[in-house]
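**Student:** Encoded as structure tokens, here's the structure I'll be asking about.
Protein chains in written order, with this note's numbering: chain A, 4 to 114; chain B, 48 to 162.
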């Protein structure tokens, strides 16, 4: 069964605005990762946050993790048209090597 | 510098005609994955290799098989493609060191059309 659910399913904003996407999951995790997928392409890893971390930054990206609520959020600040893509959270649990992907958020940044 | 390469990028096959998709990597990662992704859905893991150790997901149909002849290459064989197998197929790799899994590196995908 799908581990992660993302919210919203679709988000449309103006260039320069911030975009926030949320991810909820069901079981305990070792780490949570965010990926971006441009239309018709493979996924690109953005950021990994471990279960003992609460917040992580990478450039214009900020990820938070609340293990008590089993949720994470991805904030993209000062968005650009090139940020238009689908964003997926993915979780790894226990000793599993595989990731379980959420349903994704389609972000559209309007110029 | 391509790291995970998938060929072909687009594949058209006929209903029931076997097809093979290929993936190669220059990262020397010990884990390779195959995912199926249908339109507007999350990638769904089919199976993965940890070195030569094959791990099949419980709900992967028998119609899907995989081979990993060496560290660099991995193949996805669809024995009798049905219309429902039309999808994007994504190959990914990762390191796996002391049980700690790292991020995955994805290829560009192969778009499979079944006619």
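In this text, a Cβ means the ideal position worked out from N, Cα and C, and glycines have one as well.
Source: prediction; values computed, not measured.
Under a three-way DSSP split, which group does residue 132/B fall into?
**Tutor:** Three-state result, residue 132/B: helix.
**Student:** Compare the C-beta of residue 60/A against all C-beta atoms of chain B and say whether one is closer than 8 Å.
**Tutor:** Not closer than 8 Å to any Cβ of chain B, the Cβ of residue 60/A fails to qualify, so no.
**Student:** Taking residue 24/A as the reference, which of 41/A, 97/A, 92/A and 47/A has the closest Cα?
**Tutor:** Nearest of 41/A, 97/A, 92/A and 47/A to residue 24/A, Cα basis: 92/A.
**Student:** Is there at least one Cβ from chain B nearer than 8 Å to residue 65/A's Cβ?
**Tutor:** Not an interface residue.
**Student:** With a threshold of 8 Å between beta-carbons, can residue 106/A be considered close to chain B, or not?
**Tutor:** Closer than 8 Å to some Cβ of chain B, the Cβ of residue 106/A qualifies, so yes.
**Student:** Please name the residue, chosen from 103/A, 84/A and 114/A, that lies closest to residue 93/B on a Cα-to-Cα basis.
**Tutor:** The residue with the shortest Cα to Cα distance from residue 93/B is 103/A.
**Student:** For residue 5/A, which three-state DSSP category applies?
**Tutor:** With a pLDDT of only 47 at residue 5/A, under the threshold of 50, the placement of this residue in the model should not be trusted; the figure read from the coordinates follows. Residue state, collapsed to three classes: coil.
**Student:** Would residue 100/B be called buried (16 or more neighbouring beta carbons within 10 Å of its own) or exposed?
**Tutor:** Result: exposed.
**Student:** Should residue 150/B go down as buried or exposed, given a rule of 16 or more other Cβ atoms within 10 Å for buried?
**Tutor:** Result: buried.
**Student:** Report, in whole angstroms, the separation of the C-beta atoms of residue 90/A and residue 67/A, which I expect to be a contact under 8 Å.
**Tutor:** In fact, because the Cβ distance is near 15 Å, the residues do not count as touching under 8 Å.
**Student:** Below 6 Å CB to CB, which residues in the same chain sit around residue 26/A once its five sequence neighbours on both sides are set aside?
**Tutor:** Here the set comprises 7, 9, 75, 92 and 105.
**Student:** According to DSSP, is residue 12/A helix, strand or coil?
**Tutor:** Residue 12/A falls in the coil class under three-state DSSP.
**Student:** Taking one C-beta from the stretch 94-101 of chain A and one from the stretch 56-71 of chain B each time, how about it: are there three or more such pairs within less than 8 Å?
**Tutor:** Result no; under three Cβ-Cβ pairs closer than 8 Å.
**Student:** Report yes if the C-beta distance between residue 34/A and residue 50/A is below 8 Å; otherwise report no.
**Tutor:** No, the Cβ-Cβ distance between residue 34/A and residue 50/A is not below 8 Å.
**Student:** For residue 4/A, is the classification buried or exposed, using 16 other Cβ atoms within 10 angstroms of its Cβ as the cut-off for buried?
**Tutor:** Here the model assigns residue 4/A a pLDDT of 41, short of 50, so the residue's position is not dependable and the matter cannot be decided.
**Student:** Buried or exposed: residue 155/B, going by 16 or more other Cβ atoms within 10 Å of its Cβ?
**Tutor:** Flag for residue 155/B reads buried.
**Student:** Could you have a look at residue 84/A and say whether DSSP puts it in helix, strand or coil?
**Tutor:** In the structure shown, residue 84/A sits in a helix (DSSP, three-state: H, G or I).
**Student:** Residue 4/A CB to nearest chain B CB: under 8 Å?
**Tutor:** Unreliable positioning characterises residue 4/A in this predicted model, as indicated by a pLDDT of 41, which lies under 50. The coordinate reading is nonetheless provided below. By this cut-off, residue 4/A is not an interface position.
**Student:** Residue 100/A CB to nearest chain B CB: under 8 Å?
**Tutor:** Interface residue, yes.
**Student:** In the DSSP output, what is residue 59/A paired with across the bridge?
**Tutor:** According to DSSP, which records beta bridges pairwise, residue 59/A is partnered with 66/A.
**Student:** When the Cα of residue 2/A is compared with those of 43/A, 31/A and 112/A, which residue comes out closest?
**Tutor:** Outside the shown range of chain A, which is 4 to 114, sits residue 2/A, and nothing can be said about it.
**Student:** According to DSSP, is residue 102/B part of a helix, a strand, or is it coil?
**Tutor:** Three-state result, residue 102/B: strand.
**Student:** Can you check which of these residues, 78/B, 107/B and 114/B, is closest to residue 122/B by C-alpha distance?
**Tutor:** Considering only alpha carbons, the answer is 114/B.
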